[in-house]
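Going line by line, the protein sequences match chains E and X. Going letter by letter, the first sequence gives residues 1 to 121 in the numbering used here. Going letter by letter, the second sequence gives residues 1001 to 1188 in the numbering used here. From the three backbone atoms N, C-alpha and C, an ideal C-beta is built for every residue, glycine too. Here the structure is laid out as structure tokens; the discussion comes afterwards.
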Amino acid sequence: MLKRIVTAVEVLALASFVLFVALLLFHQPSSKSASPSGTAGAVDGAAIFDSQCATCHGSKGQGGVGPKLSGGAVTSDFEDAQAEIVVVSGGRDGMPAFQNRLSPEQLQAVVDFTRAGLQQR
Amino acid sequence: MTETQQAESAPAALIFVLLSGAAVSLFFGAYGRIHDPTGETTLTLFFSSTINLKVWFATAALFFALVQLATAARIFGKIKVPRLMPSWLGDVHRLSGTIAFLFTLPVAFHCLWSLGFMSDTSDPRTYVHSIAGCVFYGVFVVKVLSVRIHELPKWLLPAAGIATFATLALLWVTSSLWFFRNVSFPGV
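Dropping the structure here:
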């Protein structure tokens, strides 16, 4: 019985790996297909913030290595999103530049998140 | 197969296995560099975000890899617990490794498709994580092939097994552990 389960799980793993490679090669991002205007679309600013920014700015934007972003700090430092994008893209005062790490859509999404969603965390 | 034939085929089989692993690692490395990262959320299942899913799936993968490491240690006689080896231990060994592999796939998909290869050396964590992620599937292929191909040197299977586990542990340290320590200890 256990041998049958092992074999079944191995077949499932092989099929999953084939699906994994196929999705990598052929799965189209929804923002490109559903949003021809080039807006941020379904790009997840929160996920980008958690993976790229939270280590320095804190998971709730409370600050740490980097300055505080929550409690309206980011909107008072940057009156508009474009000014914030310039700093996130090019870096400043020890903050790394993200222009080569994130696409313009990702930069827009993460900046939008810091100005809205992060303030409610 | 005679011993002479086996001795002659061993280097060719070893080269084939190592080249296969290198090809897989290079494929994922090249994909990560060439593919334009989408930044999109992928699978969330019952988790509140993809990041939470990744953190816990990677932790689950490490847990099952630990089970595989422990069962391998018993099968190779490196530990003596349990004193009498159960007949099902080999099946549990295979099953735990396969489940660990399955848990890595959604995590790797988000890393490669959504975030891409991070080649910025000013951020050593993501740089090391990117390299280890590509190496992992290469050493995994070497490990699986070294189970299936019998002409290979005897040291290859344990070496590939340890390398697979070590790479997965490095991936976990540079992702989930980092997340637990620096971001949060997320619920589902």
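Less than 6 Å separating the Cβ of residue i from some heavy atom of the ligand COA?
i, result
"X/G1187", "The model depicted lacks the ligand COA and carries no ligand whatsoever."
Given a threshold of 16 other Cβ atoms within 10 Å of its Cβ, counted over all protein chains shown, does residue i qualify as buried or as exposed?
i, result
"E/L102", "buried"
"X/M1118", "buried"
"E/A47", "buried"
"E/P29", "buried"
"X/F970", "Residue 970 of chain X lies beyond the range of chain X shown here (1001 to 1188); nothing can be said about it."
"X/F1057", "buried"
"E/V88", "buried"
"E/G61", "buried"
"E/G117", "exposed"
"X/F1140", "buried"
Answer yes or no: does any C-beta atom of chain E fall closer than 7 Å to that of residue i?
i, result
"X/F1109", "yes"
"X/S1184", "yes"
"X/T1041", "yes"
"X/L1168", "no"
"X/I1075", "no"
"X/L1105", "yes"
"X/F1101", "yes"
"X/L1095", "yes"
Starting from residue i, trace the alpha helix (DSSP H) in both directions and tell me its first and last residue.
i, result
"E/T75", "A73 to D77"
"X/N1052", "T1050 to I1075"
"X/C1134", "P1124 to R1148"
"X/L1156", "L1156 to W1172"
"X/R1094", "L1089 to F1109"
"E/T7", "L2 to F26"
"E/L107", "P104 to R115"
"E/A81", "A81 to G90"
"X/V1180", "Sequence check: residue 1180 of chain X is Phe here, not Val. From DSSP, the alpha helix (DSSP H) with X/F1180 extends over W1178 to N1182."
"E/G45", "G45 to I48"
Looking at the C-beta of residue i, does it have a partner C-beta in chain X at a distance below 7 Å?
i, result
"E/K3", "yes"
"E/L24", "yes"
"E/A8", "no"
"E/V18", "no"
"E/D50", "yes"
"E/P29", "yes"
"E/A15", "no"
"E/V43", "yes"
"E/S59", "yes"
"E/R96", "Residue identity differs from the one stated: residue 96 of chain E is Pro in this sequence, not Arg. Judged by the 7 Å Cβ criterion, E/P96 is in contact with chain X."
"E/A47", "yes"
Report the option in the options whose CA atom is closest to the CA atom of residue i.
i, options, result
"X/L1168", "X/R1033, X/T1050 and X/A1060", "X/A1060"
"E/F20", "X/A1012, X/A1132, X/V1107 and X/R1094", "X/V1107"
"X/D1120", "E/V111, E/N100, E/G66 and E/L23", "E/N100"
"E/L23", "X/L1089, X/S1176, X/W1172 and X/H1110", "X/H1110"
"X/I1192", "X/A1058, X/Y1031, X/F1047 and X/V1067", "Look at the range of chain X in this structure, 1001 to 1188, and you will see that residue 1192 of chain X is not part of it."
"X/L1102", "X/F1063, X/S1087, X/T1126 and X/S1130", "X/F1063"
"E/E84", "E/G71, E/V6, E/V43 and E/A109", "E/A109"
"E/V6", "X/G1097, X/K1054 and X/V1055", "X/G1097"
"E/V9", "X/M1085, X/F1057, X/H1093 and X/F1047", "X/H1093"
"E/G66", "E/S76, E/A54, E/D44 and E/G72", "E/A54"
"E/V130", "X/L1095, X/F1057 and X/L1170", "Here chain E has residues from 1 to 121 only, and residue 130 of chain E is not among them."
"E/G63", "E/L2, E/S16 and E/T114", "E/T114"
"X/H1129", "X/N1182, X/K1054, X/F1179 and X/V1173", "X/V1173"
"X/G1187", "X/L1053, X/W1113 and X/I1149", "X/L1053"
"E/G72", "E/L14, E/Q119 and E/E105", "E/Q119"
Original post:
Between the region 76 to 87 of chain E and the region 1148 to 1155 of chain X, do three or more beta carbon pairs fall short of 8 Å?
Top reply: no
Original post:
For the 8 Å Cβ check, are there 3 or more pairs between the region 1133 to 1147 of chain X and the region 1014 to 1028 of chain X?
Top reply: The region 1133 to 1147 of chain X vs the region 1014 to 1028 of chain X: in contact.
Original post:
Can we say the region 1023 to 1040 of chain X touches the region 1074 to 1088 of chain X, given the rule of at least three CB pairs closer than 8 Å?
Top reply: no
Original post:
On the three-pair Cβ rule with 8 Å, is the region 1125 to 1139 of chain X touching the region 1021 to 1035 of chain X?
Top reply: yes
Subject >> Interfacial residues, the region 1113 to 1144 of chain X to chain A, with Cβ spacing under 7 Å >> reply: Among the chains of the structure shown, chain A does not appear; the protein chains present are E and X.
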